[in-house]
Each structure stands twice: as structure tokens, then as C-alpha cells.
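Participant: Note that full-length UniProt numbering has the sequence shown beginning at 1, numbered continuously upward.
Just so it is clear, CB atoms sit at the ideal spot from N, CA and C, and this is done for glycine as well.
Remember, predicted model here, so these are calculated numbers, not experimental data.
Take this structure, written in C-alpha cells, and hold onto it; I'll ask about it next.
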Amino acid sequence: MAPEVLDDTIQMDCFESYKRVDIWAFGLVLWEIARRTVSNGIVEDYKPPFHDMVPNDPSFEDMRKVVCVDQQRPNIPNRWFSDPTLTSIAKLMKECWYQNPSARLTALRIKKTLTKIDNSLDKIKADC
């Protein structure tokens, strides 16, 4: 859950607030996908976001402390930075996790960035 949901500061009467929460969640989905992506012959087992920071079945309060108080985010494995695509994805997901909801990327910006990443992969495939 996004920080503003966990600390009850979300503006419930503003539709933009819900879109920003969705961007936070999308960053977590990207993290889960990237974690299961093979890079340099390595792939991690599935683990949920924050698996190394909270118990297996975390309480709302456990998550509030980690996300809001400690301002922790899911760990980005070092191996991702040896892969240009995963490096770009890691940067994108970090920009989805800003504590300040209005600082997070918009869906359009995410779409454009993912399209650029996809195009760079197509170019790499064409060069092979």
C-alpha cells in the first residue's frame, strides 16, 4: 500500500489521489516482474515486496512503520545494474515510489518510458 493510504493522509475526495496510489502499486508490480527476470543467468525465487523487512503476514501497522516511518522501499538487487534494461526498469520503479504522491510519475510518462525501453530491446534484437 502507498504511504498515503497507510498513514491515512490520502485525499479521499480527489480522484488524482487514487491514480497516484495506483502508480505506487504499479512500481511494486514492476519490482516483482524484474525480480523474476533472468539476467546473467540469475533469477531470484518469488518473494513479495518488503519480504525482508516485515513478517510473512504483515499487519497494517508493520507496513505503516516500514513504508511511512522508516521510508523503506523494496531492495533493488545489484545484478540489475549490470543489465541496461533492468537498470532502466529499476529507475522507473523508484520514480513510482516517491513518498510525496504528486512527485510520482504519471501513467503517460510510464507508458512513454516503457515504450522507449521496448524500442531499445527491439534495436538490440535487430542488431543480432
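Given Q72, which residues of its chain have a CB within under 6 Å of its CB, disregarding the five upstream and five downstream residues?
Facilitator: Excluding positions up to five away in sequence, the list reads M53, V66.
Participant: Please classify S102: does DSSP put it in a helix, a strand, or coil?
Facilitator: Looking at S102 - three-state DSSP - the assignment turns out to be helix.
Participant: Determine the DSSP secondary structure at I76, reduced to helix, strand or coil.
Facilitator: Looking at I76 - three-state DSSP - the assignment turns out to be coil, as it is neither helix nor strand.
Participant: Between T85 and L121, is the Cβ-Cβ spacing less than 8 Å?
Facilitator: It is a contact, given that the beta carbons lie within the stated cut-off.
Participant: When the distance is taken between beta carbons, is E16 closer than 8 Å to I10?
Facilitator: Result no, Cβ atoms of I10 and E16 do not sit closer than 8 Å.
Participant: Taking the runs of the alpha helix (DSSP H) that are 4 residues or longer, which of them lie wholly in the UniProt domain "Protein kinase" (1-121)?
Facilitator: Counting whole runs of 4 or more residues, the UniProt domain "Protein kinase" (1-121) contains the alpha helix (DSSP H) stretches 3-6, 15-35, 60-64, 84-96.
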